[in-house]
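J.: Counting from 188, one number per residue, gives the positions in the sequence shown under this note's numbering.
Even for Gly, the Cβ is constructed at its ideal location relative to N, Cα and C.
Sharing a structure here in structure tokens format.
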Amino acid sequence: MANQNVTIQQVNETASTPIFPKFVTPDFFTPGVKNCITFLQEYNRCANSNHWGDDNKIAHLGNFLRGNAYTWYIDYLKNPTNASNTWTDISNDFQRHFGGTTATLAAKHQLRNRKQQIEETVLKYYYELLELANQVNPTNPIAELSEYFLEGLQPGLKADFMLLCPNPDELNSENFRAAVFKLSNIQEMRIRDEIQQRTSPLQSLATKSVNTATNRFNNLQISEPSSSGRRDNQPYRRIPPRTRDARPFVLTVIDRDIMQLPAMLKIIVKIIHVDLIIDGPPKLK
Numbered sequence: 188m189a190n191q192n193v194t195i196q197q198v199n200e201t202a203s204t205p206i207f208p209k210f211v212t213p214d215f216f217t218p219g220v221k222n223c224i225t226f227l228q229e230y231n232r233c234a235n236s237n238h239w240g241d242d243n244k245i246a247h248l249g250n251f252l253r254g255n256a257y258t259w260y261i262d263y264l265k266n267p268t269n270a271s272n273t274w275t276d277i278s279n280d281f282q283r284h285f286g287g288t289t290a291t292l293a294a295k296h297q298l299r300n301r302k303q304q305i306e307e308t309v310l311k312y313y314y315e316l317l318e319l320a321n322q323v324n325p326t327n328p329i330a331e332l333s334e335y336f337l338e339g340l341q342p343g344l345k346a347d348f349m350l351l352c353p354n355p356d357e358l359n360s361e362n363f364r365a366a367v368f369k370l371s372n373i374q375e376m377r378i379r380d381e382i383q384q385r386t387s388p389l390q391s392l393a394t395k396s397v398n399t400a401t402n403r404f405n406n407l408q409i410s411e412p413s414s415s416g417r418r419d420n421q422p423y424r425r426i427p428p429r430t431r432d433a434r435p436f437v438l439t440v441i442d443r444d445i446m447q448l449p450a451m452l453k454i455i456v457k458i459i460h461v462d463l464i465i466d467g468p469p470k471l472k
């Protein structure tokens with residue numbers, strides 16, 4: 188079982204760092220580029236996946252620091268006054284040094300100005316705000332999230348969420364999340380309805396065009412060829428049903444070509460008409 192509450196001094200005394208098999212690695216932390224709270228949360232998740240105890244967290248942290256963060260950590264480990272510090276102490280000192288008021292205010296500014304985009308799903312919007320809320324208030328992110336989530340919602344979803352959201356005195360992370368997921372379901376149903384409304388007229392147009400072309404083909408008339416092979420001046424007559432059946436008319440319409448369907452049908456009918464006039468009806472046995 189992994190060792191907990193190990194101090195820096197104990198790590199320095201006992202650890203020659205073992206060779207590990209391939210493990211999950213977090214992103215590197217560069218001050219001013221990545222938020223320190225987000226980095227530590229990711230680092231702890233990876234450490235848990237790798238079954239690291241506090242000793243390995245302390246030993247490997249420097250491998251994922253860049254710039255003056257790495258310099259700070261090496262100096263921190265060498266400082267004799269920090270020898271008895273645990274991983275919790277290191278995490279708190281790290282946040283104080285690379286977090287502070289500036290990082291919190293930057294995250295707060297993003298949280299306040301974040302708006303749901305037109306094509307953005309409710310869940311994507313929710314999780315991005317939740318990440319910012321964790322940076323502003325790691326101990327109680329729901330307090331920040333509940334304040335700004337509604338303000339940034341698309342106008343068409345605000346009224347729905349106001350009905351779904353719990354009362355402020357009953358609000359917690361669980362029932363707030365449940366309300367967000369219900370709102371997401373409402374958004375998905377509206378998107379499906381909108382898609383269906385857009386495609387229904389196209390389907391009707393396709394059916395009507397196919398029926399019109401089929402009727403025109405069935406009513407085509409041709410002239411009888413003379414015994415010499417030339418066409419005489421006899422009046423046109425309708426194609427007998429058996430002749431029509433001998434030339435089945437099949438049209439497959441691909442969805443993406445629906446908008447071009449009327450023009451396609453005109454071309455097909457003209458080709459069939461010319462073919463019948465030139466070659467005459469097929470010989471029936």
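DSSP state of Phe215, grouped into three classes?
T.: Taking the sequence shown and counting its residues from 1, one reaches residue 215 at position 28. Here Phe215 sits in coil by DSSP.
J.: Using 8 Å for Cβ pairs, my map puts Leu264 next to Ile195. What's the rounded Cβ distance?
T.: Here residue 264 corresponds to residue number 77 of the sequence shown, with the count starting at 1. Here residue 195 corresponds to residue number 8 of the sequence shown, with the count starting at 1. Between Ile195 and Leu264 the Cβ distance is about 6 Å, and since that is below 8 Å, they are a contact.
J.: So what does DSSP say about Leu358, is it helix, strand or coil?
T.: In the sequence shown, counting from the first residue as 1, residue 358 sits at position 171. In the structure shown, Leu358 sits in coil (DSSP, three-state: anything other than H, G, I, E or B).
J.: Does DSSP put Leu340 in a helix, in a strand, or in coil?
T.: Taking the first residue of the sequence shown as position 1, residue 340 is located at position 153. Coil, per DSSP.
J.: Starting from Leu319, follow the alpha helix (DSSP H) in both directions and report where the run begins and ends.
T.: Residue numbering aside, residue 319 sits at position 132 when the sequence shown is read from its first letter. Leu319 -> alpha helix (DSSP H) spans 309–323.
J.: Whole-angstrom Cβ separation of Glu200 and Pro213, contact assumed at under 8 Å?
T.: Translated into positions along the sequence shown, residue 200 becomes position 13. Translated into positions along the sequence shown, residue 213 becomes position 26. Between Pro213 and Glu200 the Cβ distance is about 26 Å, and since that is not below 8 Å, they are no contact.
J.: For the pair the stretch 294–302 and the stretch 316–329, tell me if three or more CB-CB distances fall below 8 Å.
T.: The stretch 294–302, when compared against the stretch 316–329, does touch it at the 8 Å Cβ threshold.
J.: For the candidate residues Ala256, Phe215, Thr289, Phe368, whose alpha-carbon lies nearest to that of Tyr313?
T.: On the sequence shown, residue 313 is found 126 positions in, with the first residue counted as 1. Cα-wise, what sits closest to Tyr313 is Phe368.
J.: Nearest-angstrom Cα distance between Asn359 and Gln384?
T.: Taking the sequence shown and counting its residues from 1, one reaches residue 359 at position 172. Taking the sequence shown and counting its residues from 1, one reaches residue 384 at position 197. Going from the Cα of Asn359 to the Cα of Gln384 covers about 38 Å.
J.: Quick check: what's the CA-CA separation for Glu307 versus Ala270?
T.: As a first step, residue 307 must be located in the sequence shown, where it is residue number 120. As a first step, residue 270 must be located in the sequence shown, where it is residue number 83. Whole-angstrom Cα-Cα distance: 49 Å.
J.: Between the Cα of Ala293 and the Cα atoms of Cys223, Thr258, Phe251, which residue gives the shortest distance?
T.: Counted from its first residue, the sequence shown places residue 293 at position 106. It is Cys223.
J.: Let me know if Phe210 comes out buried or exposed under the rule of 16 or more other beta-carbons within 10 Å of its beta-carbon.
T.: Residue mapping note: residue 210 aligns to position 23 of the sequence shown, counting from 1. Exposed, since its Cβ has fewer than 16 Cβ neighbours within 10 Å.
J.: Judging by CA-CA distance, which residue of Ser278, Gly286, Ser333 is the nearest neighbour of Leu248?
T.: By 1-based counting over the sequence shown, the position of residue 248 is 61. Minimum Cα distance to Leu248 is reached at Ser278.
J.: May I have the straight-line CA-CA distance separating Leu370 from Thr225, to the nearest angstrom?
T.: Translated into positions along the sequence shown, residue 370 becomes position 183. Translated into positions along the sequence shown, residue 225 becomes position 38. Whole-angstrom Cα-Cα distance: 27 Å.
J.: First and last residue of the alpha helix (DSSP H) that includes His238?
T.: Locating residue 238 in the sequence shown gives position 51, where the first residue counts as 1. Note, His238: premise wrong, no alpha helix (DSSP H); not H, not E.
J.: Pull up the CB-CB distance for Leu332 and Leu316, whole angstroms please, since I reckon it's below 8 Å.
T.: Position 145 of the sequence shown, counting from 1, holds the residue named residue 332. Position 129 of the sequence shown, counting from 1, holds the residue named residue 316. With 8 Å as the limit, Leu332 and Leu316 qualify as a contact, their Cβ atoms being about 6 Å apart.
J.: Report all residues from its chain with a CB closer than 8 Å to the CB of Glu318; omit the five preceding and five following residues, and keep chain order.
T.: What you label residue 318 is simply residue 131 of the sequence shown in a count that begins at 1. Counting only Cβ-Cβ distances below 8 Å, and skipping sequence neighbours, we find Thr225.
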